[in-house]
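Worksheet: the structure to be examined is printed underneath.
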């Protein structure tokens with residue numbers, strides 16, 4: 001089976017792909033338990049593992065991921081076709097939040 005068939009499937013929002021990544025702080029340490037969500041799609045959400053890694057399906061037309069974690073500033077990541085991301089969060093208020 002071709003690689004593009006294995007890495008893509010048709011979901012509710014059209015053809016989808018899988019994005020992997022790692023979430024780190026300013027000291028390059030992993031951030032565990034953070035939330036990664038597709039902006040505007042409350043049903044597509046995941047959390048980072050103990051080593052800060054995550055994987056999430058994004059549909060064609062999805063434009064951003066929203067990353068939140070307690071004690072860190074939320075961050076919106078624009079999707080531009082990358083399949084592997086390294087996202088760095090800055091320390092911030094525990095009450096910081098970002099609407100999706």
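Residue numbers (this note's numbering): 1 to 100.
Using N, Cα and C, we set each Cβ at its ideal position, and we do this for glycine too.
Of the choices the options, whose alpha-carbon is the least far from that of residue i?
i, options, result
"residue 50", "18, 62 and 35", "35"
"residue 68", "77, 27 and 43", "77"
"residue 73", "91, 54 and 39", "91"
"residue 42", "56, 85 and 52", "56"
If you run the structure through DSSP and keep just helix, strand and coil, what is residue i?
i, result
"residue 59", "strand"
"residue 32", "coil"
"residue 84", "strand"
"residue 43", "coil"
Going by the beta-carbon positions, is the gap between residue i and residue j smaller than 8 Å?
i, j, result
"residue 63", "residue 79", "yes"
"residue 75", "residue 20", "no"
"residue 58", "residue 17", "yes"
"residue 46", "residue 31", "no"
Taking residue i and residue j to be in contact with their CB atoms under 8 Å, please state how far apart those CB atoms are, rounded to whole angstroms.
i, j, result
"residue 23", "residue 87", "5 Å"
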